[in-house]
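Chemist: Chains as they are written, first to last, in this note's numbering: chain A, 1 to 226; chain B, 1 to 226.
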DNA sequence: AGGGCATATAATATAAATATAACATATGAA
DNA sequence: TTCATATGTTATATTTATATTATATGCCCT
């Protein structure tokens, strides 16, 4: 699922860091468009083809408040103000005009991202995106799916769990004992070979991606990342 | 329209100022209930009768983060954290657990009120009125009707409820336990197979659309939609 | 290079989860 | 009440995952 985002912001640097951060963090799940002036902003907003708008207030031409007010006459697209204005009255005015949230500069990209995801989830009934990536492998714990080179592969529950542990600890060696404790519990008294077997199946199922799982002699397994 | 609000907060003064402000500002449009400890909070949340929860983090007993996590397993009720913890990592953790917004003490009552109203508008709009779509399936929660390829299909009430949960959480895997808590309540002590049975009937009733309901082995069910 | 231990592999057996169907009970409308 | 529909239970079939074992291969150290 790709989300269409409109960033109405005259500061080129801010546009750039948002694009970079969102693109990387989401694994290209955002299609980001820009408007550099208020006039361009209102025009693009009215096209009504975006899933969410990030709106600066002080802009060349029409200001962000006005854009929000006009937009709310014809649409209830999610709107987050992102602005240097800290005063409470500005925030309240923003909410009064029907925005969904408000973040002040300088802001944390991680926080902005979290706000966007929370709002998208609420407005679209859509999923927050916490896809993990390692090389050609992608894992979505929310949907319990795995992709290698963007092609879905089916994994058994234990294989999925093993891969998830490896991806949560990219580069780190995980011992067989550690896998067993995490997945079978302390009281498991079976054969340690069981881990090998599942790793083998996991590698096979991952195809090319399986090569990223490295055996570390006498230590365990790790997920190699570049 | 009266909104039912739950305030989970151990500080009596804060509970009081919130109540006074919200009651006056909204002309008694809020029916406000309280929980003074984490344990009371989680119990009341699970009753599933509120429109929104304001959640303090540091509480006697179970903490707010835990309440949020548990709650999100069975509900997507709007949650706003309201806490003295300012750190970015706390905020991000809150969003990670699925909260909708976050406000730090000391906070402006007007701003909290604005956030609550914005969120209620968003969540009510979505759940109550909008037709949900997933592939060839359309569900109108307001009219309680379901269409597959624009042809209406008749569903039993439980089948409808199951489909609605799946569509509200498109893509997300929902466990049998989660279905049971949502639909039968946490004190249900019958057989888990009951979910399978209703899913089976639901799939059959949906015909072609039934194929979108995927079994995730050892995890539950999800609605597949790309 | 070769012995000894570690790991990979494959085949098989076991166990577990899920689908299904038939039945029993409850609920609600006519 | 009676009928129809919805729901819950249970037993069984089917599918799938998992564990065990035996054997082959590979790695590392002297």
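Backbone N, C-alpha and C define an ideal beta-carbon position, used for all residues, glycine too. Computed from a predicted model, the values in this text were never measured in an experiment.
Just verifying my parser: in three-state terms, what is the DSSP assignment at residue 227 of chain A?
Modeler: Residue 227 of chain A cannot be examined here, being either before or after the span of chain A that is shown, 1 to 226.
Chemist: Output, in chain order, the set of chain B residues within a Cβ distance shorter than 9 angstroms of residue 91 of chain A.
Modeler: Within chain B, the residues near residue 91 of chain A are 108, 110, 111 and 114.
Chemist: Mind reading off the beta-carbon distance from residue 67 of chain A to residue 55 of chain A? Whole number of angstroms is fine, and I expect it under 8 angstroms.
Modeler: So it is a contact: roughly 6 angstroms between Cβ atoms.
Chemist: Measure the alpha-carbon distance for residue 127 of chain B versus residue 78 of chain B and round it to whole angstroms.
Modeler: Confidence at residue 127 of chain B is low in this model, with a pLDDT of 47, below 50, so its placement is unreliable and no value can be given for it.
Chemist: Could you run through the segment 191 to 222 of chain B and flag, in chain order, every residue whose CB is less than 8 angstroms away from some CB of chain A?
Modeler: The residues in question are 216, 217, 218, 219 and 222.
Chemist: Taking Cβ to Cβ, would you say residue 81 of chain B is nearer than 8 angstroms to residue 94 of chain B?
Modeler: For residue 81 of chain B and residue 94 of chain B, yes; Cβs fall inside 8 angstroms.
Chemist: Would you say residue 12 of chain B lies against chain A (beta-carbon separation less than 8 angstroms)?
Modeler: Answer no: the Cβ-Cβ gap between residue 12 of chain B and chain A never drops below 8 angstroms.
Chemist: Three or more beta-carbon pairs under 8 angstroms between the segment 203 to 222 of chain A and the segment 167 to 179 of chain A, yes or no?
Modeler: Result yes; three or more Cβ-Cβ pairs closer than 8 angstroms.
Chemist: Can you tell me whether residue 107 of chain B is helix, strand or coil according to DSSP?
Modeler: The answer is coil: DSSP assigns residue 107 of chain B none of H, G, I, E or B.
Chemist: In whole angstroms, what separates the C-alpha of residue 105 of chain B from that of residue 99 of chain A?
Modeler: Distance between the alpha carbons of residue 105 of chain B and residue 99 of chain A: 22 angstroms.
Chemist: DSSP three-state call for residue 130 of chain A: helix, strand or coil?
Modeler: DSSP places residue 130 of chain A in coil when its eight states are reduced to three.
Chemist: In angstroms with no decimal places, state the Cα-to-Cα distance between residue 193 of chain A and residue 145 of chain A.
Modeler: Going from the Cα of residue 193 of chain A to the Cα of residue 145 of chain A covers about 26 angstroms.
Chemist: With 8 angstroms as the limit, tell me which residues of the segment 39 to 53 of chain A have their beta carbon closer than that to any beta carbon of chain B; keep them in chain order.
Modeler: Going along the segment 39 to 53 of chain A in chain order, one finds no residue with a Cβ nearer than 8 angstroms to chain B.
Chemist: Work out the CA separation of residue 118 of chain B and residue 69 of chain A for me, nearest whole Å.
Modeler: Each residue's alpha carbon lies about 15 angstroms from the other.
Chemist: Just to confirm the assignment, what range does the beta strand (DSSP E) spanning residue 53 of chain B have?
Modeler: From DSSP, the beta strand (DSSP E) with residue 53 of chain B extends over 52 to 55.
Chemist: Are any of the Cβ atoms in chain B nearer than 8 angstroms to that of residue 123 of chain A?
Modeler: Chain B, which has a Cβ nearer than 8 angstroms to the Cβ of residue 123 of chain A, makes this yes.
Chemist: Can you tell me which of the three DSSP states residue 152 of chain A falls into?
Modeler: Here residue 152 of chain A sits in strand by DSSP.
Chemist: Would you mind telling me which residues of chain B sit closer than 9 angstroms to residue 142 of chain A, beta carbon to beta carbon, in chain order?
Modeler: Under the 9 angstroms cutoff, chain B gives 171, 172 and 173.
Chemist: Measure the alpha-carbon distance for residue 102 of chain B versus residue 47 of chain A and round it to whole angstroms.
Modeler: Roughly 31 angstroms separates the two Cα atoms.
Chemist: With 8 angstroms set as the bound, which would you pick, yes or no: does the beta-carbon of residue 118 of chain B sit closer than that to a beta-carbon of chain A?
Modeler: It does; some Cβ of chain A falls within 8 angstroms.
Chemist: Buried or exposed, going by whether 16 or more other CB atoms sit within 10 Å of the CB of residue 113 of chain A?
Modeler: Result: buried.
Chemist: Would DSSP call residue 225 of chain A helix, strand or coil?
Modeler: In this structure, residue 225 of chain A counts as coil in the three-state DSSP scheme.
Chemist: Does the Cβ-Cβ distance between residue 162 of chain A and residue 216 of chain A come in under 8 angstroms?
Modeler: The answer is no: Cβ separation not under 8 angstroms.
Chemist: Using Cβ-Cβ distances below 7 angstroms, what residues of the segment 69 to 89 of chain A are close to chain B?
Modeler: Hits within the stretch, in order: 76 and 88.
Chemist: Please name the residue or residues paired with residue 147 of chain B in a DSSP beta bridge.
Modeler: Beta-bridge pairing links residue 147 of chain B to B:138 and B:152.
Chemist: Using three-state DSSP, classify residue 217 of chain A as helix, strand or coil.
Modeler: It is coil, neither helix nor strand.
Chemist: On the three-state DSSP scale, how would you describe residue 118 of chain A?
Modeler: Helix.
Chemist: Nearest-angstrom Cα distance between residue 74 of chain A and residue 57 of chain B?
Modeler: Going from the Cα of residue 74 of chain A to the Cα of residue 57 of chain B covers about 38 angstroms.
Chemist: Note down, in chain order, every chain B residue with its Cβ under 8 angstroms from the Cβ of residue 157 of chain A.
Modeler: The contacting residues are 217, 218 and 219.
Chemist: Please classify residue 92 of chain B: does DSSP put it in a helix, a strand, or coil?
Modeler: Correct three-state label for residue 92 of chain B: helix.
Chemist: When burial is assigned at 16 or more other CB atoms within 10 Å of the CB, is residue 185 of chain B buried or exposed?
Modeler: The residue in question, residue 185 of chain B, is exposed, as its Cβ has fewer than 16 Cβ neighbours within 10 Å.
Chemist: Whole angstroms are fine: how far does the CA of residue 160 of chain B sit from the CA of residue 181 of chain B?
Modeler: Taking the straight line from one Cα to the other gives about 16 angstroms.
Chemist: On the premise that residue 7 of chain A lies in contact with residue 32 of chain A, defined as a C-beta separation below 8 angstroms, what is that separation, rounded to the nearest angstrom?
Modeler: Confirmed, Cβ separation roughly 6 angstroms.
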